[in-house]
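Visitor: Residue numbers (the numbering used here), protein chains in the order written: chain A, 63 to 216; chain B, 3 to 177. Glycine residues also receive a C-beta, built at the ideal position from the N, C-alpha and C atoms. All figures in this text were calculated on a predicted structure; none of them were measured in a lab.
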């Protein structure tokens, strides 16, 4: 009877050891995955901010406006050639870095989305408030929202 | 699981228990090996995160320097500005730690600022490209990429829709 107790004790110890090792494995694996996710998410958010700046400046500086509007877009007169340039640049960036890129102004696509829209909207985003200006570069009082979404590295 | 001998006495290390322990020992052996590998990886991770942070610091400094200069664009005419920003950013590292920067137009898919020998600018001993190809594979490098709008030197305004990428690469100083 005494030996049975010892064997039962060993069995219990065994079960705890197996459980401990399994949980340890899971924790290590999850830590590694999380670390990679955080790094990717950080980079994509920085890139989204950079691209939002670059796109905002593109849309307004085409008309050589006053310095005070350097961050604003003049949506009513955005040149189709600029949109074409943006399209080329963003496609090349997406191809080089394996990204999904979606650029939206007031819920309308500014350029054709590249890659998976749903994936892009889940990972990183940046927003800019764009001030619309008239032909004399005076604010019309209207604003638009520029949104840039970047998807995960595949 | 519990086994007893025919005479009724319990047997602590029965063959069954030993067999049962075998997979556990295998799992424990594997976990120990995994932990050892994780420790080895952690060492290179600590090294890399220092490099990564310094690459990010360099990128942030250079980009904010461009923005604060009132000329937040890159083109071939302000490559010298980039170079002086990089020299300032060298103070972030220990003496002689190598770095390189590359300015690339994503509109034309070409390098914008080129040095005499290659399209990487930095303080690498010898060619940065050679350094890059040798050391990147050794996991002793880190890089950061930032995007900026391009500038047209001849018209004096930005090139709308043309986006450039500035990448910064840092290496561990080799003894």
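#1: Of the residues A:65, A:87, A:117, A:105, which one's Cα is nearest the Cα of residue 160 (chain B)?
#2: Hey, which unbroken runs of the alpha helix (DSSP H) at 4 residues or more fall wholly within the region 150-205 of chain A?
#3: In this structure, does DSSP put residue 84 (chain A) in helix, strand or coil?
#4: Quick one: is residue 148 (chain A) near chain B, going by C-beta distance under 8 Å?
#5: Which of the three DSSP states, helix, strand or coil, is assigned to residue 146 (chain B)?
#6: Please name the residue, chosen from A:114, A:157, A:201, that lies closest to residue 176 (chain A) on a Cα-to-Cα basis.
#7: Give the DSSP bridge partners of residue 124 (chain B), in chain order.
#8: Note down the Cα distance separating residue 23 (chain B) from residue 38 (chain B), rounded to an integer number of angstroms.
#9: Going by beta carbon distance, what residues of the same chain come within less than 8 Å of residue 113 (chain B), once the five residues before and after it are set aside?
#10: Comparing C-alpha positions only, which one of A:102, A:67, A:143, A:206 sits nearest to residue 163 (chain B)?
#11: Can you grab the Cα-Cα spacing for the pair residue 18 (chain B) / residue 45 (chain B), in whole Å?
#12: Using a C-beta cutoff of 8 Å, does residue 174 (chain B) count as contacting chain A?
#13: Return the residue from the list A:112, A:66, A:209 that minimises the CA-CA distance to residue 170 (chain A).
#14: For a test of the three-state rule: what should DSSP assign to residue 72 (chain A), helix, strand or coil?
Guide: Concretely, from the data shown:
#1: A:117
#2: 179-185
#3: helix
#4: yes
#5: strand
#6: A:157
#7: B:102
#8: 22 Å
#9: 104, 105, 106, 107, 121
#10: A:143
#11: 41 Å
#12: no
#13: A:209
#14: helix
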